[in-house]
């Protein structure tokens with residue numbers, strides 16, 4: 027008879043639920059007796075994922091999609107039976123707000139790196155000096171210390187200059203990490219650009235050569251969307267994932283205050299209400315600040331995640347179609363820090379994701395809150411709405427009141443991957459392996475902030491515990 031193993035999973039967000047699914051999948055496929063208990067402090071599962079479904083609308087309070095090329099998420103969606111619900115985004119022009127005017131992101135720009143000469147040469151986003159400075163990338167030597175971690179800002183400023191960074195690259199990246207680009211770790215966020223510089227020296231030449239060649243066709247080919255979501259919203263994924271797991275193995279509303287290693291090598295997760303759960307292994311998916319409270323502080327590297335996670339808020343608004351004059355064809359815009367606006371970006375949701383909005387209506391989703399200024403996130407819903415509407419009037423000419431709106435706050439939700447992040451994670455995991463064998467750390471604080479990154483982090487944690 028095989029040995030029984032029990033896994034304690036801390037946290038019921040996407041990482042914790044994915045970990046539970048992979049534990050169960052391993053048990054089913056191998057026939058081994060491996061069970062789990064998932065402990066979630068709040069009364070609901072899903073973490074940042076939270077979908078509003080009402081009157082034909084599908085609105086996300088948290089993340090609205092994931093990168094299609096990161097297939098681990100799609101594989102899990104298939105596993106829980108939602109393959110037919112997958113839908114990709116409609117493609118269209120994206121814009122940058124500069125001097126209170128919306129400018130198209132130059133054609134051929136890849137994460138802000140120009141790969142086509144003419145669109146970049148004629149864009150009003152940059153001065154002649156700014157364009158010339160970006161062109162210096164073509165002759166600039168590659169870094170001699172390429173393996174040393176530096177900030178994303180430092181890397182791109184050296185290669186393309188301040189204008190391209192401040193007016194194009196920073197606004198694009200702030201929507202992903204909501205952090206300070208000049209402190210963001212290059213190794214931990216965009217390692218592909220390190221390899222591009224190593225291989226091609228020039229980012230412009232490297233990105234141009236690495237772009238897939240377009241197939242010649244008599245018919246115009248519609249560009250495929252880079253993102254995927256579910257027709258019923260991402261909460262439908264959380265619901266399907268939860269239903270695939272034994273109900274009695276999931277406990278919500280229980281706050282873990284301590285994890286203790288017992289004399290026999292097992293672990294006891296001790297709750298605030300005095301109850302406890304014993305397990306052979308522990309997978310920790312809680313936010314880093316909570317994790318530090320559960321375990322001995324001496325385990326954690328000095329300086330790691332010293333910068334508090336960023337807080338952001340979104341405002342989803344529904345308007346009558348005739349009240350929003352779309353003079354531009356596109357799916358939304360981002361805003362440089364130099365602009366005096368409250369909003370940092372705006373997705374034209376009803377265009378990007380048509381399935382989310384009933385006919386005759388338009389949904390705009392605006393983002394507020396930057397790493398440098400998060401005060402607005404803590405304002406009342408009404409104050410945030412008025413500031414957003416004021417910006418929309420100046421930028422898009424929207425003068426109407428929304429039929430309804432939802433303000434959603436994600437407090438301390440965006441971990442900051444600062445320079446040295448990768449080494450800190452390596453050091454932290456080495457310490458846990460030595461002092462708490464069988465305890466694995468997974469999720470957004472360590473291995474990437476995107477939904478597929480969280481799923482992959484969960485998968486790796488389970489594999490390292492059960493298959494090695």
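In our numbering, the protein residues as written are 27 to 494. For each residue, glycine too, the CB sits at the ideal point set by N, CA and C. Being a predicted model, the structure only gives us computed values, none of them experimental.
Give the DSSP-derived three-state secondary structure of residue 86 in the structure shown. Correct three-state label for residue 86: strand.
Measuring alpha carbon to alpha carbon, tell me which of 323, 132 and 137 ends up nearest residue 148. The option with the nearest alpha carbon to residue 148 is 132.
Bridge partners of residue 296, per DSSP? Beta-bridge pairing links residue 296 to 284 and 302.
Run through DSSP, which three-state label would residue 472 get? It is helical.
Rounded to whole angstroms, what is the Cα-Cα separation between residue 338 and residue 442? Looking at the two C-alpha atoms, the distance is approximately 13 Å.
Is it true that the CB of residue 394 sits closer than 9 Å to the CB of residue 353? In this structure, residue 353 keeps its C-beta atom at 9 Å or more from the C-beta atom of residue 394.
If you follow the beta strand (DSSP E) that residue 346 is in, where does it begin and where does it stop? In the DSSP assignment, residue 346 falls within the beta strand (DSSP E) that extends over 336-346.
Can you look up residue 265 in the DSSP assignment and give me helix, strand or coil? Residue state, collapsed to three classes: helix.
Close-in-space but distant-in-sequence residues of the same chain around residue 176 (CB under 6 Å, 5 per side omitted): Cβ within range, chain order: 212.
Compare the C-alpha of residue 250 against each of 98, 114 and 217 and name the closest. Nearest C-alpha to residue 250: 114.
Bridge partners of residue 466, per DSSP? Answer is 309, bridged to residue 466.
DSSP three-state label for residue 444, please. DSSP places residue 444 within a strand segment (E or B) once states are collapsed to three.
What would DSSP say about residue 145, mapped onto helix, strand or coil? The answer is helix: DSSP assigns residue 145 an H, G or I state.
Less than 8 Å between the CB atoms is what I'm expecting for residue 84 and residue 381, so what's the real figure, rounded? Sure, about 7 Å apart at Cβ, within 8 Å.
Using only the alpha-carbon positions, how far apart do residue 161 and residue 142 sit? When rounded, the distance between both Cα atoms is 12 Å.
Can you tell me the Cα-Cα spacing of residue 116 and residue 305, whole angstroms? The alpha-carbon atoms of residue 116 and residue 305 are separated by roughly 46 Å.
9 Å Cβ cutoff met for residue 314 and residue 464: No, these two residues do not count as a Cβ contact at 9 Å.
Quick check for students: name the residue ranges of the beta strand (DSSP E) that lie wholly in the stretch 372-430, counting only runs of 3 or more. Listed in chain order, the complete beta strand (DSSP E) runs (minimum 3 residues) inside the stretch 372-430 are 387-394.
What separation, rounded to the nearest whole angstrom, lies between the Cα atoms of residue 329 and residue 468? Cα-Cα distance, rounded: 19 Å.
Expressed to the nearest angstrom, what Euclidean distance is found between the alpha-carbon atoms of residue 134 and residue 237? One C-alpha to the other measures close to 10 Å.
DSSP beta-bridge partners of residue 360: Beta-bridge pairing links residue 360 to 122 and 371.
Pair within 9 Å by beta-carbon distance, residue 270 and residue 105: For the pair residue 270 and residue 105, the CB atoms are nearer than the 9 Å cut-off.
If I'm right that residue 4 touches residue 365 with Cβ under 8 Å, what's the distance once you round it to whole angstroms? Given that the chain is displayed from residue 27 to residue 494, the structure contains no residue 4 and the question cannot be resolved.
Can you tell me whether residue 432 is buried or exposed? The criterion is at least 16 other CB atoms within 10 Å of its CB, across all chains shown. By the neighbour-count definition (other C-beta atoms within 10 Å, threshold 16), residue 432 is a buried residue.
On the DSSP bridge list, what partners appear for residue 36? 65 and 310, per the DSSP bridge assignment.
Please determine, among 415, 404 and 373, the residue with the shortest C-alpha to C-alpha distance to residue 90. The candidate whose alpha carbon is nearest that of residue 90 is 373.
Alpha carbons only, please: which of 444, 52, 485 and 345 is nearest the one belonging to residue 471? Minimum Cα distance to residue 471 is reached at 444.
Touch check for the stretch 44-51 and the stretch 474-493: three-plus C-beta pairs under 8 Å? Flag = yes, the stretch 44-51 and the stretch 474-493 touch.
For residue 78, name the three-state secondary structure that DSSP assigns. In this structure, residue 78 counts as strand in the three-state DSSP scheme.
By how many angstroms is the C-alpha of residue 203 removed from the C-alpha of residue 475? Between residue 475 and residue 203, the C-alpha separation is close to 8 Å.
Assigned exposure category for residue 88 - 16 Cβ within 10 Å defines buried: Buried is the label assigned to residue 88, since at least 16 other Cβ atoms lie within 10 Å of its Cβ.
Would you report the Cα separation of residue 107 and residue 38, rounded to the nearest angstrom? Rounded to the nearest angstrom, the two C-alpha atoms are 20 Å apart.
Between the Cα of residue 193 and those of 355, 122 and 261, spot the shortest distance and give me the residue it belongs to. Nearest to residue 193 by alpha-carbon distance, out of 355, 122 and 261, is 122.
Residue 295 vs residue 112 beta-carbon contact at 9 Å: Going by C-beta atoms, residue 295 is not nearer than 9 Å to residue 112.
So, is residue 485 buried or exposed, given that buried needs 16 or more other C-beta atoms within 10 angstroms? Result: buried.
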